[in-house]
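Reading through the structure tokens given below for one structure.
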Amino acid sequence: MMSDQLLDIEDLSVTFPTRRGAFIAVRDATLSLSPGEIHGLVGESGAGKSTIGAAVMGLLEGAGHISGGTVHFRGDAISGRDRAAMQALRGKKISMIFQDPLTSLNPLFTVGAQLVETITEHLDLSEADARKRACDLLDRVGIPDPDTRIDQYPHQFSGGMRQRVVIALALCSEPDVIIADEPTTALDVSIQKQILDLIRSLVDEKQVGVILITHDMGVIAETTDTVTVMYMGEVVERGSTAKVLGRPEHEYTKSLIAAVPRPDRKVERFPQISYGGRETRFAIEELARDWPKTEAPDGPLVEARNLKKTFLARGGLLPSMRKYFTAVDDVSFDIRPGEVFGLVGESGSGKSTIARMIAGLYPLDGGEVIFDGKRVSGADAATLEDFRRQIQMIFQDPFSSLNPRHRVDAIVAEPALHLGVIPKNEVDDRVRDLLEKVGLGADAAVKYPHEFSGGQRQRISIARALATQPRFLICDEPTSALDVSIQAQILNILKDLQEFLGLTMLFISHDLPVVRQMCDRVGVLKDGRLVELQATEVLFADPQQSYTRELLRLMPKTDLLSTDGLQAV
Amino acid sequence: MLSFIIRRLGQSLLVLLVTGLIAFSMFRFIGDPIDNMLGQERTIEDVERLRTQLGLDQPFPVQYYRFLENAVQGNFGVSYRQGRPVSEILLERAPATLELAAVSGLFALGLGIALGVFTAIRRNGIASNFIMSASLIGVSLPTFLIGILLIYLFGVQLRWLPTFGRGDVVDFGWWSTGFLTESGLKSLILPAITLGLYQMTLIMRLVRSEMLEVLRQDYIRFARARGLKDRVVNFRHALKNTLIPVITVMGLQIGGIIAFAIVTETVFNWPGVGLLFINAIQFVDIPVMAAYLMLISVMFVGINLIVDILYVFVDPRLRVDSAGGH
Numbered sequence: 279m280m281s282d283q284l285l286d287i288e289d290l291s292v293t294f295p296t297r298r299g300a301f302i303a304v305r306d307a308t309l310s311l312s313p314g315e316i317h318g319l320v321g322e323s324g325a326g327k328s329t330i331g332a333a334v335m336g337l338l339e340g341a342g343h344i345s346g347g348t349v350h351f352r353g354d355a356i357s358g359r360d361r362a363a364m365q366a367l368r369g370k371k372i373s374m375i376f377q378d379p380l381t382s383l384n385p386l387f388t389v390g391a392q393l394v395e396t397i398t399e400h401l402d403l404s405e406a407d408a409r410k411r412a413c414d415l416l417d418r419v420g421i422p423d424p425d426t427r428i429d430q431y432p433h434q435f436s437g438g439m440r441q442r443v444v445i446a447l448a449l450c451s452e453p454d455v456i457i458a459d460e461p462t463t464a465l466d467v468s469i470q471k472q473i474l475d476l477i478r479s480l481v482d483e484k485q486v487g488v489i490l491i492t493h494d495m496g497v498i499a500e501t502t503d504t505v506t507v508m509y510m511g512e513v514v515e516r517g518s519t520a521k522v523l524g525r526p527e528h529e530y531t532k533s534l535i536a537a538v539p540r541p542d543r544k545v546e547r548f549p550q551i552s553y554g555g556r557e558t559r560f561a562i563e564e565l566a567r568d569w570p571k572t573e574a575p576d577g578p579l580v581e582a583r584n585l586k587k588t589f590l591a592r593g594g595l596l597p598s599m600r601k602y603f604t605a606v607d608d609v610s611f612d613i614r615p616g617e618v619f620g621l622v623g624e625s626g627s628g629k630s631t632i633a634r635m636i637a638g639l640y641p642l643d644g645g646e647v648i649f650d651g652k653r654v655s656g657a658d659a660a661t662l663e664d665f666r667r668q669i670q671m672i673f674q675d676p677f678s679s680l681n682p683r684h685r686v687d688a689i690v691a692e693p694a695l696h697l698g699v700i701p702k703n704e705v706d707d708r709v710r711d712l713l714e715k716v717g718l719g720a721d722a723a724v725k726y727p728h729e730f731s732g733g734q735r736q737r738i739s740i741a742r743a744l745a746t747q748p749r750f751l752i753c754d755e756p757t758s759a760l761d762v763s764i765q766a767q768i769l770n771i772l773k774d775l776q777e778f779l780g781l782t783m784l785f786i787s788h789d790l791p792v793v794r795q796m797c798d799r800v801g802v803l804k805d806g807r808l809v810e811l812q813a814t815e816v817l818f819a820d821p822q823q824s825y826t827r828e829l830l831r832l833m834p835k836t837d838l839l840s841t842d843g844l845q846a847v
Numbered sequence: 047m048l049s050f051i052i053r054r055l056g057q058s059l060l061v062l063l064v065t066g067l068i069a070f071s072m073f074r075f076i077g078d079p080i081d082n083m084l085g086q087e088r089t090i091e092d093v094e095r096l097r098t099q100l101g102l103d104q105p106f107p108v109q110y111y112r113f114l115e116n117a118v119q120g121n122f123g124v125s126y127r128q129g130r131p132v133s134e135i136l137l138e139r140a141p142a143t144l145e146l147a148a149v150s151g152l153f154a155l156g157l158g159i160a161l162g163v164f165t166a167i168r169r170n171g172i173a174s175n176f177i178m179s180a181s182l183i184g185v186s187l188p189t190f191l192i193g194i195l196l197i198y199l200f201g202v203q204l205r206w207l208p209t210f211g212r213g214d215v216v217d218f219g220w221w222s223t224g225f226l227t228e229s230g231l232k233s234l235i236l237p238a239i240t241l242g243l244y245q246m247t248l249i250m251r252l253v254r255s256e257m258l259e260v261l262r263q264d265y266i267r268f269a270r271a272r273g274l275k276d277r278v279v280n281f282r283h284a285l286k287n288t289l290i291p292v293i294t295v296m297g298l299q300i301g302g303i304i305a306f307a308i309v310t311e312t313v314f315n316w317p318g319v320g321l322l323f324i325n326a327i328q329f330v331d332i333p334v335m336a337a338y339l340m341l342i343s344v345m346f347v348g349i350n351l352i353v354d355i356l357y358v359f360v361d362p363r364l365r366v367d368s369a370g371g372h
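Going down the list, the protein sequences come from chains A and B. Residues in the first sequence are numbered from 279 upward in steps of one, following our numbering. Residues in the second sequence are numbered from 47 upward in steps of one, following our numbering.
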């Protein structure tokens with residue numbers, strides 16, 4: 279056993295007993311970590327990467343347990359230690375950072391209280407000394423004015439600041455190893471960059487070892503020294519980051535890397551991950567035969583004019599005491615027929631609010647929406663109904679956007695039936711046909727949403743949106759909750775919708791590489807205002823505004839990634 | 047915060063007025079108080095005179111208005127049956143009910159929270175499963191049946207505890223307490239358990255399900271990952287978060303304890319306001335009924351107001367005014 283390794287995981291297997299027999303979440307995984315190293319652990323959901331982290335920490339959920347192999351920390355075996363021994367190690371020698379900084383901190387305690395209790399648990403310090411150390415830690419992770427901030431509650435911090443607090447908590451007793459489980463997935467790209475830089479500087483300064491668990495190839499490429507690729511509980515490839523990403527050897531790694539949207543080049547279609555026989559066939563072009571041909575207007579299909587939306591930020595008895603927050607401020611743009619128009623921006627920039635205003639889900643506080651030459655904001659019932667028939671929406675979360683108590687055929691048929699677009703006796707055929715065409719098969723009609731994976735559910739959402747044969751589709755972060763291989767599949771379907779059915783789309787995303795692949799023109803939003811609007815290729819090649827330049831600069835670079843299997847446009 | 051309290055007070059007042067109105071509209075259906083008040087040898091003139099004198103010839107909204115007018119000045123009228131001011135009678139009876147409610151409230155809260163936490167932490171233990179099954183009895187059996195069973199077991203068979211009344215009491219001014227004598231304390235046990243058992247099991251089941259939910263949260267996993275001891279994680283981090291939603295229900299339950307005291311007081315012949323109310327109904331003693339109902343509504347509304355304010359104190363996220371950051 280080499281004792282200069284911080285962490286040595288050998289042939290680790292983790293098993294969860296279930297009613298239908300044992301489920302092996304991790305099988306014979308081997309990896310090691312040296313001081314000052316960031317080791318990436320990458321794979322899609324269900325690959326077992328988080329399970330490895332939890333196993334090392336002794337925090338496996340429920341009846342999960344290590345069923346084989348060993349974990350050594352500085353040469354001492356820690357796998358198989360009892361609860362008390364693991365608890366003594368946790369936070370002291372090995373710390374962990376979780377994905378969502380909004381839920382990682384207890385909302386009822388000040389950050390100071392949470393820091394102090396962790397420090398006094400591990401170090402023999404008085405309350406006052408612990409508080410002083412807590413201030414120092416906050417200062418070190420880059421929180422300004424720590425003496426004031428230490429007495430504030432988690433909800434008074436922004437998402438990025440909270441993740442800094444979480445990191446400070448992980449550093450309380452100078453741990454040797456930090457396991458970071460998707461530490462930046464819930465954060466905006468600019469905050470992500472700051473947090474990754476912070477982790478890098480801590481590693482260099484303190485010579486700690488970090489296991490960075492993520493599904494994001496961009497993060498891996500930019501931050502890690504070495505990387506382990508996992509698929510279905512098994513390690514498929516391991517080595518230096520440059521080698522694994524640049525010259526992948528395993529088929530799975532190759533197809534995974536090929537499916538990553540690139541910020542620096544546009545591809546015609548995304549290569550699908552075919553490893554393990556998972557390819558899905560869909561046939562959008564066959565829908566084109568029965569698709570109604572509508573006369574395209576000469577001008578734009580959708581016009582947004584001076585949109586404005588305010589929300590009540592603080593209620594009050596008297597109108598003068600109320601405070602409003604302007605979410606969308608004087609935003610105007612046109613969407614041409616057959617075009618995919620992108621809206622990008624960080625969280626809180628007003629992208630989703632604009633989508634809902636155009637769909638008529640939010641009343642406008644100013645401005646107007648014009649569809650196919652007709653004003654729809656404040657229009658009469660007949661115009662509105664006609665408008666609703668021609669637009670549909672696809673939402674971000676494929677889990678909450680489908681009613682769990684309805685069967686899939688009822689879900690897909692609902693908008694078409696409600697709007698009376700097709701006769702009742704044809705609904706069944708239409709639903710089955712649509713499910714067939716999005717690659718789910720007609721059998722899916724009699725199942726319930728929980729029987730499908732996230733990507734399949736998103737295809738159900740697409741089938742539902744197509745049931746009324748709309749002309750305009752609003753996609754609000756349609757792939758943000760999906761794995762990269764599934765994302766590639768959904769984006770291919772959306773590309774087909776535009777190509778074969780001539781659908782016009784409003785595509786909302788925070789993910790710039792995805793926007794580059796999908797959109798013809800892009801509007802950049804910042805704090806509810808449109809700061810730049812440009813053809814996609816022009817925007818990426820020559821951004822005019824400093825904010826756009828900053829966003830582009832902060833994207834994780836994927837130069838390291840192999841470009842095999844990509845067909846450039 | 048201030049505008050919140052003012053708004054809540056306004057709503058509370060409205061609730062009180064409506065409750066009173068409904069109560070007054072019901073009194074007519076209980077019977078005619080004059081029947082009980084005058085003996086056999088009455089004349090029609092006597093009846094009419096008394097009716098006018100008491101204002102019972104007026105329509106109920108007018109009666110209600112007069113009641114409010116007097117109540118605002120602290121005058122709740124004179125009991126038809128006892129001929130004494132209602133406020134005096136209520137004050138005399140209130141300590142018995144309040145002491146009973148306090149003891150059974152403490153019993154319900156203390157034991158309910160403790161057992162709820164226990165069954166949540168030892169989710170699949172034998173003891174937890176037993177407690178959960180037993181708690182179904184508390185939820186499903188009616189109060190009077192529990193009371194009678196307890197009387198039979200501890201009073202009649204074992205002869206350990208008294209079965210009726212308050213025992214010896216000690217007077218402090220107008221307040222009489224049973225806390226200071228042995229027989230007073232013994233007398234409290236059975237009624238308190240009877241009154242609190244349902245609330246206790248309800249609170250326990252609620253605490254358990256909330257706690258299980260909280261234990262699944264990320265901040266609990268993170269607290270464990272920080273190396274905190276199980277005791278700190280369970281009783282500091284998890285319990286406090288568990289209690290936030292539980293507080294609302296507890297407020298309603300404590301109100302319920304006072305209101306439901308009627309049944310328990312009847313079973314145990316407890317000299318409190320509940321028993322007073324039952325007797326008042328039998329005699330159609332309108333002033334007593336009206337005052338009691340208003341008192342109970344004030345109590346309910348007051349407790350809910352306190353609960354809402356308590357919320358703000360426990361949960362820093364609701365303290366919008368003091369928020370810095372964003």
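Where a beta carbon is used, it is the ideal one built from N, C-alpha and C, also for glycine.
Inset, instruction - Return the residue from the list A:F387, A:L713, A:V654, A:K652 that minimises the CA-CA distance to S739 (chain A). - result: A:L713
Inset, instruction - Check each candidate in A:N681, A:T588, A:I648 and name the one with the smallest Cα separation from R735 (chain A). - result: A:N681
Legend entry - Contact list for F176 (chain B) against chain A, beta-carbon separation under 7 Å: By Cβ distance, chain A contributes nothing, its closest Cβ being about 22 Å from F176 (chain B), past 7 Å.
Inset, instruction - Quick one: residues in its chain with C-beta nearer than 7 Å to the C-beta of D425 (chain A), no 5 flanking neighbours on either side, listed in chain order? - result: Contacts found: C413.
Inset, instruction - Measure the C-alpha to C-alpha separation of A659 (chain A) and A582 (chain A) and round it to an integer number of angstroms. - result: 20 Å
Legend entry - Per-residue contacts from Q767 (chain A) into chain B (C-beta, under 9 Å): Residues of chain B passing the Cβ test: none, with the nearest at roughly 29 Å.
Inset, instruction - Would you check if the distance between the CB atom of T308 (chain A) and the CB atom of G347 (chain A) is smaller than 9 Å? - result: yes
Inset, instruction - Leaving out five residues on either side along the sequence, give the residues of the same chain with a beta carbon under 6 Å from the beta carbon of V847 (chain A). - result: Its pLDDT being 48, under 50, V847 (chain A) is placed unreliably by the model, and the measurement read from it follows with that caveat. The residues are K544, E546.
Inset, instruction - Run down chain E in chain order and give the residues with a C-beta less than 8 Å from the C-beta of K370 (chain A). - result: Of the protein chains in this structure, namely A and B, none is chain E.
Inset, instruction - Under 8 Å between beta-carbons, which chain B residues line up against E624 (chain A)? List them in chain order, please. - result: Those within 8 Å of E624 (chain A) in chain B number zero; the least Cβ separation is about 14 Å.
Inset, instruction - Please go through the region 297-335 of chain A and give each complete beta strand (DSSP E) segment of 3 or more residues, from N-terminal end onward. - result: 299-311, 316-320
Legend entry - Cutoff 9 Å: D361 (chain B) Cβ touching any chain A Cβ: yes
Inset, instruction - May I ask you to verify whether the region 756-768 of chain A touches the region 720-727 of chain A, counting CB pairs closer than 8 Å and requiring at least 3? - result: no
Inset, instruction - Quick one: measure Cβ to Cβ for G318 (chain A) and T502 (chain A), integer angstroms, because I've assumed they're closer than 8 Å. - result: 4 Å
Legend entry - N-terminal and C-terminal residue of the alpha helix (DSSP H) that R742 (chain A) is part of: 732-744
Legend entry - Residue of B:W316, B:R365, B:R363, B:G302 minimising C-alpha distance to I342 (chain B): B:G302
Legend entry - Option nearest D466 (chain A) by Cα separation, candidates A:Q795, A:V497, A:D664: A:V497
Inset, instruction - Would you give the residue range spanned by the alpha helix (DSSP H) that M510 (chain A) belongs to? - result: For M510 (chain A), there is no enclosing alpha helix (DSSP H), as DSSP gives it neither H nor E.
Inset, instruction - Would you identify the three-state DSSP class for A355 (chain A), choosing helix, strand or coil? - result: A355 (chain A): strand per DSSP, three-state reduction.
Inset, instruction - Could you tell me whether any non-hydrogen atom of the ligand ATP is closer than 8 Å to the CB of L146 (chain B)? - result: Absent from the structure shown: the ligand ATP. Ligands present: none.
Legend entry - Under 9 Å between C-beta atoms of N325 (chain B) and R54 (chain B): no
Inset, instruction - Mind reading off the beta-carbon distance from N584 (chain A) to D608 (chain A)? Whole number of angstroms is fine, and I expect it under 8 Å. - result: Yes, N584 (chain A) and D608 (chain A) are in contact; Cβ-Cβ is about 5 Å, under 8 Å.
Inset, instruction - Within its chain, find whatever has a CB closer than 8 Å to the CB of D306 (chain A); leave out the 5 residues flanking it on each side and keep chain order. - result: D289, L290, S291, G346, G347, E512, V513
Inset, instruction - Could you please tell me which residues of the region 239-265 of chain B, in chain order, have their CB closer than 7 Å to any CB of chain A? - result: Q263, D264, Y265
Inset, instruction - Please report the residue range of the beta strand (DSSP E) in which K286 (chain B) lies. - result: Unbroken run through K286 (chain B) is the alpha helix (DSSP H), 285-313; no beta strand (DSSP E).
Inset, instruction - Using a Cβ-Cβ cut-off of less than 9 Å, list which residues of the region 437-469 of chain A approach chain B; keep chain order. - result: Flagged, chain order: M439, V444, L447, A448, C450, S451, I457.
Legend entry - Member of A:A694, A:K532, A:L590 whose CA lies at the smallest distance from the CA of Q670 (chain A): A:A694
Inset, instruction - For E646 (chain A), name the three-state secondary structure that DSSP assigns. - result: Strand at E646 (chain A).
Inset, instruction - Closer than 8 Å by C-beta to I689 (chain A): which residues in its own chain qualify, once you throw out the five before and the five after it? Chain order, please. - result: Contacts found: L680, N681, P727, I738, R742.
Legend entry - N- and C-terminal bounds of the alpha helix (DSSP H) containing L100 (chain B): Per DSSP, the unbroken alpha helix (DSSP H) holding L100 (chain B) starts and ends at 90-100.
Inset, instruction - Consult DSSP for V699 (chain A) and reduce its assignment to one of helix, strand or coil. - result: coil
Inset, instruction - Would you kindly check if the distance between the Cβ of F351 (chain A) and the Cβ of D286 (chain A) is under 9 Å? - result: yes
Legend entry - Bridge partner(s) assigned by DSSP for I239 (chain B): According to DSSP, which records beta bridges pairwise, I239 (chain B) is partnered with nothing at all.
Inset, instruction - Report yes or no: do the region 812-824 of chain A and the region 769-788 of chain A share at least 3 C-beta pairs separated by less than 8 Å? - result: no
Inset, instruction - Can you give me the start and stop residues for the beta strand (DSSP E) that T604 (chain A) sits inside? - result: 601-613
Inset, instruction - Kindly list the residues whose CB is nearer than 8 Å to the CB of V185 (chain B), restricted to its own chain and excluding five residues on each side of it in sequence; keep chain order. - result: Y244, T247, L248, R251
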